[in-house]
Amino acid sequence: MPKNMNVEPLYPDETTTSKASPAIGFLNILLVVIWWAGWAFMAFFTLVSLYTVLAFLGVEAVQKSFEVTTPLMALISSISVVVVAAVFLIIVKQLRQICHTLVTGDPFVPENANRLQVIWIAAAAGELLRLCSTFIISWVSKTSEGAAIQATDLRVYVWFMVLALIILAEVFREGARMRQDAKLTV
Amino acid sequence: MTIRVNLDRVLLERRMSLTELSDRIGITLANLSILKTGKARAVRFSTLSALCRELNCQPADILVYEPEEGEQANGADRAAE
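Here the protein sequences come in this chain order: A and B.
Take 1 as the starting number for the first sequence in this note's numbering and just add one per residue.
Take 1001 as the starting number for the second sequence in this note's numbering and just add one per residue.
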């Protein structure tokens, strides 16, 4: 029997650094671009919201630009877009952090399960907010123009994605637990 | 955890340091420390075999089962039955 048994090391050798694949590098760059685009989008619609607030408060110079829609509807629309942009940024932030753990070489950590949980909660909250704003806009347009209330469009695929994310988060949690077990196996 | 690791006692008896043992069996010092401090969740047979070979001992010298209070009472009840 050889003196030095080849026992599998518990942790990867500290000198070896994980090399991220080109796909991960590309994803990282893509997420950075999406992150800043999301901020630009949010900043733009925040300004639009402020503009509509002025119109809603009765500033005449601003009110003139609202011919097609009422200031109230524009305000509700722009606020809901800002909220959706915020939800989008929360999701992108979590994805960036998950991607970072992928680059460092250990994505199966409990934090990533929590991040996936945050993503599905944010996606569900965003969709609920969208449904609410659609309903309010329909209701306001009915009261102002006498039009019929628009049917609320329930996006089944969004809820299906939320379900998929819930399952993925739980799979990740179990995976992280198993990884921790493997780490503590000598 | 009800399994106690007596690695430090065995090492003391053999007058061997953890670093020396680590070199001899080819397991990193960090891993051996995890085992010694009782933080390990599982031990491979290959690791146990290497430890017994280098320390010239039996697995029972390194690992000791210590029942917890509840477990001890249950075991005693079953023995009485």
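Every residue, glycine too, gets a C-beta built ideally from N, C-alpha and C.
Residue i, DSSP secondary structure in three states
i                       : result
residue 1063 of chain B : strand
residue 1027 of chain B : coil
residue 963 of chain B  : Residue 963 of chain B falls outside the range modelled here, since chain B spans only 1001 to 1081, and no answer is possible.
residue 164 of chain A  : helix
residue 1047 of chain B : helix
residue 182 of chain A  : helix
residue 23 of chain A   : helix
residue 1068 of chain B : coil
residue 176 of chain A  : helix
residue 169 of chain A  : helix
Alpha-carbon spacing of residue i relative to residue j, whole angstroms
i                       : j                       : result
residue 1023 of chain B : residue 180 of chain A  : 25 angstroms
residue 39 of chain A   : residue 57 of chain A   : 27 angstroms
residue 1068 of chain B : residue 1014 of chain B : 30 angstroms
residue 1008 of chain B : residue 102 of chain A  : 37 angstroms
residue 1 of chain A    : residue 1002 of chain B : With a pLDDT of only 41 at residue 1 of chain A, under the threshold of 50, the placement of this residue in the model should not be trusted; the figure read from the coordinates follows. Using only the alpha carbons, I get a separation of about 32 angstroms.
residue 49 of chain A   : residue 79 of chain A   : 6 angstroms
residue 1065 of chain B : residue 118 of chain A  : 42 angstroms
residue 1070 of chain B : residue 1054 of chain B : 36 angstroms
residue 1025 of chain B : residue 1039 of chain B : 19 angstroms
residue 1035 of chain B : residue 178 of chain A  : 18 angstroms
residue 104 of chain A  : residue 1030 of chain B : 20 angstroms
residue 1058 of chain B : residue 1050 of chain B : 11 angstroms
residue 89 of chain A   : residue 125 of chain A  : 13 angstroms
residue 171 of chain A  : residue 70 of chain A   : 47 angstroms
residue 27 of chain A   : residue 96 of chain A   : 9 angstroms
residue 1032 of chain B : residue 1017 of chain B : 11 angstroms
residue 131 of chain A  : residue 158 of chain A  : 12 angstroms
residue 136 of chain A  : residue 183 of chain A  : 52 angstroms
residue 77 of chain A   : residue 133 of chain A  : 7 angstroms
residue 114 of chain A  : residue 81 of chain A   : 26 angstroms
residue 44 of chain A   : residue 85 of chain A   : 10 angstroms
residue 1042 of chain B : residue 1005 of chain B : 12 angstroms
residue 186 of chain A  : residue 1062 of chain B : 14 angstroms
residue 94 of chain A   : residue 127 of chain A  : 18 angstroms
residue 25 of chain A   : residue 160 of chain A  : 29 angstroms
residue 46 of chain A   : residue 32 of chain A   : 21 angstroms
Minimum Cβ-Cβ distance from residue i to chain B less than 9 angstroms
i                      : result
residue 186 of chain A : yes
residue 181 of chain A : yes
residue 171 of chain A : no
residue 174 of chain A : no
Interface flag, residue i vs chain A, CB-CB below 9 angstroms
i                       : result
residue 1006 of chain B : no
residue 1014 of chain B : no
residue 1043 of chain B : yes
residue 1031 of chain B : yes
residue 1063 of chain B : no
residue 1060 of chain B : no
residue 1047 of chain B : yes
residue 1034 of chain B : yes
residue 1003 of chain B : no
residue 1018 of chain B : no
residue 1039 of chain B : yes
Anticipated Cβ contact below 8 angstroms, residue i with residue j, distance rounded
i                       : j                       : result
residue 173 of chain A  : residue 107 of chain A  : Residue 173 of chain A to residue 107 of chain A, Cβ: 13 angstroms. No contact.
residue 34 of chain A   : residue 92 of chain A   : 6 angstroms
residue 23 of chain A   : residue 52 of chain A   : Contact flag wrong, Cβ pair sits at about 42 angstroms.
residue 168 of chain A  : residue 116 of chain A  : 6 angstroms
residue 156 of chain A  : residue 122 of chain A  : Contact flag wrong, Cβ pair sits at about 19 angstroms.
residue 154 of chain A  : residue 120 of chain A  : The Cβ separation is near 17 angstroms, so there is no contact.
residue 1021 of chain B : residue 1011 of chain B : 7 angstroms
residue 140 of chain A  : residue 72 of chain A   : 6 angstroms
Q. Whole alpha helix (DSSP H) runs in the stretch 31-100 of chain A with 4 or more residues, listed along the chain?
A. Runs of the alpha helix (DSSP H) inside the stretch 31-100 of chain A: 60-63.
Q | Inside the stretch 101-129 of chain A only - alpha helix (DSSP H) runs reaching at least 4 residues | A | You should have found no qualifying run.
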